[in-house]
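Quick note: to get the numbering used here, add 147 to the position in the sequence shown (first position is 1). Note that the Cβ used here is the ideal one computed from N, Cα and C, for glycine as well. Since the model is a prediction, treat every value here as computed from it, not as a measurement. Inspection log for the structure reproduced underneath, given as structure tokens.
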Amino acid sequence: ERAGFDEVVVVSPPAVEVQGLAVERGGADVLRGVSFTIAQGQRVGLIGPNGAGKTTLFLSLLGLHPRAAGTVRVCGLDPARKDEAQRIRCAAGLVFQNADDQLFCGTVTDDVSFGPLQLGLDSGEVGARVRAALAAVNAEHLRDQLAHALSAGEKRRAALATALAMQPRILLLDEPTGELDPRARRGLIELLNSRSETLLVATHDLEFVLATCTRVVVLSGGGVAADGPARDVMARAELMDRAGLEVPYSLR
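Below, the structure is given as structure tokens:
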């Protein structure tokens, strides 16, 4: 028999909430009136033509680009608040389009340990995180390699490991298949599909989106042109054409 206490249900905030977001750059609107919500654990492709504002949106989520209007919450936190932005950058790991922008230390181990060290963790915890992150991306053999000497695929795995070492709840990937050969691209798909983090992928590689994401948000003309199941949205030829995109070959 129940003791008379009401059951308490704890509901986690959405991974990402964006309402009426407007962002300017150089006096011109890059994003205006952008709104969408991503639930924890969802896998979303962010697609659109060059200049649609995909990278700008990522930077806004992390508090690295000021917004002109609207509200943004990442794991319930506001990136416009300095203290909360710092917490967001632990909760959301960004992997840059150019891996060389992410790998700036000496060895791969140095790069992967950089973030955890900034958290003030002890050497034992840092070492454990580095080992776990490199194991997660099948790159333990790269730990003592010089980052600048790696192949494009190896750099991509090392860059992803730098994000995973922060134990993020959200992964933000900006053009993750750039410079990857078919085998490295396939390996990245398999790796991402084995992960449980919320995933937001900004890319022109629409087949990659189909292989890794269940939903797409289409950015065009500074706003959201469509938002829905990946296969359904990207199969709509007229919509894709208006957004400056093409239907992926596998959906034709």
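- Could you spell out the range, first to last residue, of the beta strand (DSSP E) harbouring residue 296? Counted from its first residue, the sequence shown places residue 296 at position 149. Annotation: residue 296 is outside any beta strand (DSSP E) and is labelled neither H nor E by DSSP.
- In the DSSP assignment, find the unbroken alpha helix (DSSP H) run with residue 272 in it and report its ends. As a first step, residue 272 must be located in the sequence shown, where it is residue number 125. Element bounds for residue 272: 270 to 283.
- Message: I'd like to check one pair, residue 381 with residue 366: are the Cβ atoms closer than 7 Å?
- Response: Reading the sequence shown from its first residue, position 219 is the one you call residue 366. Reading the sequence shown from its first residue, position 234 is the one you call residue 381. Between residue 366 and residue 381, the C-beta gap is not smaller than 7 Å, which leaves the two residues out of contact.
- Message: Just to confirm, is the Cβ distance from residue 312 to residue 280 under 7 Å?
- Response: Sequence index remark: in the sequence shown, residue 312 carries index 165 (1-based). Sequence index remark: in the sequence shown, residue 280 carries index 133 (1-based). For residue 312 and residue 280, yes; Cβs fall inside 7 Å.
- Message: Could you give the first and the last residue of the continuous alpha helix (DSSP H) run that contains residue 394?
- Response: Within the sequence shown, numbered from 1, the residue matching residue 394 stands at position 247. Looking at the DSSP string, residue 394 is not in any alpha helix (DSSP H), and its letter there is neither H nor E.
- Item | In DSSP terms, what residue 346 is bridged to | To locate residue 346, count along the sequence shown from 1; it is residue 199. In DSSP, residue 346 forms a bridge with 190 and 318.
- Task: Return the CA-CA distance between residue 205 and residue 218, expressed in angstroms with no decimal places.
- Result: Here residue 205 refers to the residue found at position 58 when the sequence shown is read from its first residue. Here residue 218 refers to the residue found at position 71 when the sequence shown is read from its first residue. Computed Cα separation, rounded: 14 Å.
- Alpha carbon to alpha carbon, how far is residue 377 from residue 188? Translated into positions along the sequence shown, residue 377 becomes position 230. Translated into positions along the sequence shown, residue 188 becomes position 41. Each residue's Cα considered, the two are about 16 Å apart.
- Query: Taking only runs of the beta strand (DSSP E) that begin and end inside the segment 191 to 221, which ones reach a length of at least 3 residues, in chain order?
  - Reply: The qualifying runs are 216 to 221.
- Message: Helix, strand or coil for residue 169? Go by DSSP, reduced to three states.
- Response: Position 22 of the sequence shown holds residue 169. Collapsing the DSSP output to three states places residue 169 in a strand.
- Pull up the distance between the alpha-carbon of residue 235 and that of residue 336, whole angstroms please. Indexing the sequence shown from 1 puts residue 235 at position 88. Indexing the sequence shown from 1 puts residue 336 at position 189. So the two alpha carbons sit approximately 25 Å from each other.
- Task: Grab me the residues of residue 178's own chain with a C-beta within less than 7 Å of its C-beta, minus the 5 sequence neighbours each way, in chain order.
- Result: Position 31 of the sequence shown, counting from 1, holds the residue named residue 178. Only 168, 169, 170, 200, 203, 204 and 369 meet the Cβ criterion.
- Message: For residue 152 and residue 159, what's the separation of their Cα atoms in angstroms?
- Response: Counted from its first residue, the sequence shown places residue 152 at position 5. Counted from its first residue, the sequence shown places residue 159 at position 12. Confidence at residue 152 is low in this model, with a pLDDT of 47, below 50, so its placement is unreliable and no value can be given for it.
- Message: Looking at residue 250: is its Cβ nearer than 7 Å to the Cβ of residue 258?
- Response: By one-based count along the sequence shown, residue 250 stands at place 103. By one-based count along the sequence shown, residue 258 stands at place 111. Their beta carbons are under 7 Å apart, which means residue 250 touches residue 258 by this criterion.
- CA-to-CA distance, residue 176 to residue 221, given in whole angstroms: Counting from one through the sequence shown, the residue named residue 221 turns up at place 74. Counting from one through the sequence shown, the residue named residue 176 turns up at place 29. Take the alpha-carbon of residue 221 and the one of residue 176: they are about 22 Å apart.
- Would you kindly work out how many angstroms separate the C-alpha atoms of residue 291 and residue 254, rounded to a whole number? Taking the sequence shown and counting its residues from 1, the one referred to as residue 291 is at position 144. Taking the sequence shown and counting its residues from 1, the one referred to as residue 254 is at position 107. Our two residues, residue 291 and residue 254, have alpha carbons roughly 6 Å apart in a direct line.
- Message: Between which residues of its own chain and residue 231 is the CB-CB distance below 6 Å, once the five residues before and five after are set aside?
- Response: If you number the sequence shown from 1, residue 231 lands on position 84. In its chain, beyond the 5 residues on either side, 224 and 225 have a beta carbon closer than 6 Å to the beta carbon of residue 231.
- Message: Rounded to the nearest angstrom, what separates residue 266 and residue 229 at their Cα positions?
- Response: Taking the sequence shown and counting its residues from 1, the one referred to as residue 266 is at position 119. Taking the sequence shown and counting its residues from 1, the one referred to as residue 229 is at position 82. Spanning the two alpha carbons is a distance of roughly 16 Å.
- Task: Tell me where the alpha helix (DSSP H) around residue 260 begins and ends.
- Result: Indexing the sequence shown from 1 puts residue 260 at position 113. Segment 255 to 265, the alpha helix (DSSP H) holding residue 260.
- Task: Confirm, please, whether the CB-CB distance from residue 244 to residue 328 is below 7 Å.
- Result: Numbered from 1 along the sequence shown, position 181 holds the residue referred to as residue 328. Numbered from 1 along the sequence shown, position 97 holds the residue referred to as residue 244. No, these two residues do not count as a Cβ contact at 7 Å.
- Message: Less than 7 Å between C-beta atoms, sequence neighbours within five positions excluded: which residues of the same chain meet that for residue 338?
- Response: Residue mapping note: residue 338 aligns to position 191 of the sequence shown, counting from 1. For residue 338, where only same-chain residues beyond five positions count, the Cβ hits under 7 Å are 284.
- Have a look at residue 323 and residue 348 and give me their C-alpha separation to the nearest angstrom. The residue labelled residue 323 in the question sits at position 176 within the sequence shown. The residue labelled residue 348 in the question sits at position 201 within the sequence shown. Taking the CA atoms as reference points, residue 323 sits about 8 Å from residue 348.
- Classify residue 260 as buried or exposed, calling it buried when 16 or more other Cβ atoms lie within 10 Å of its own Cβ. The count along the sequence shown starts at 1 and reaches residue 260 at position 113. Result: buried.
- Task: Could you tell me how far apart the beta carbons of residue 344 and residue 318 are, in whole angstroms, since I believe they sit closer than 8 Å?
- Result: If you number the sequence shown from 1, residue 344 lands on position 197. If you number the sequence shown from 1, residue 318 lands on position 171. With a Cβ gap of about 5 Å, residue 344 and residue 318 count as contacting.
- Query: Just how far apart, CA to CA, sit residue 192 and residue 364?
  - Reply: Taking the first residue of the sequence shown as 1, we reach residue 192 at position 45. Taking the first residue of the sequence shown as 1, we reach residue 364 at position 217. In this structure, the CA atom of residue 192 is about 6 Å from the CA atom of residue 364.
- Message: Need the endpoints of the alpha helix (DSSP H) that residue 230 sits in, please.
- Response: Working through the sequence shown from its first residue, we reach residue 230 at position 83. 229 to 238 is the span of the alpha helix (DSSP H), which, as asked, contains residue 230.
- Please determine, among 302, 308, 241 and 195, the residue with the shortest C-alpha to C-alpha distance to residue 407. Because the chain is modelled from 148 through 399, residue 407 falls outside the range shown and cannot be assessed.
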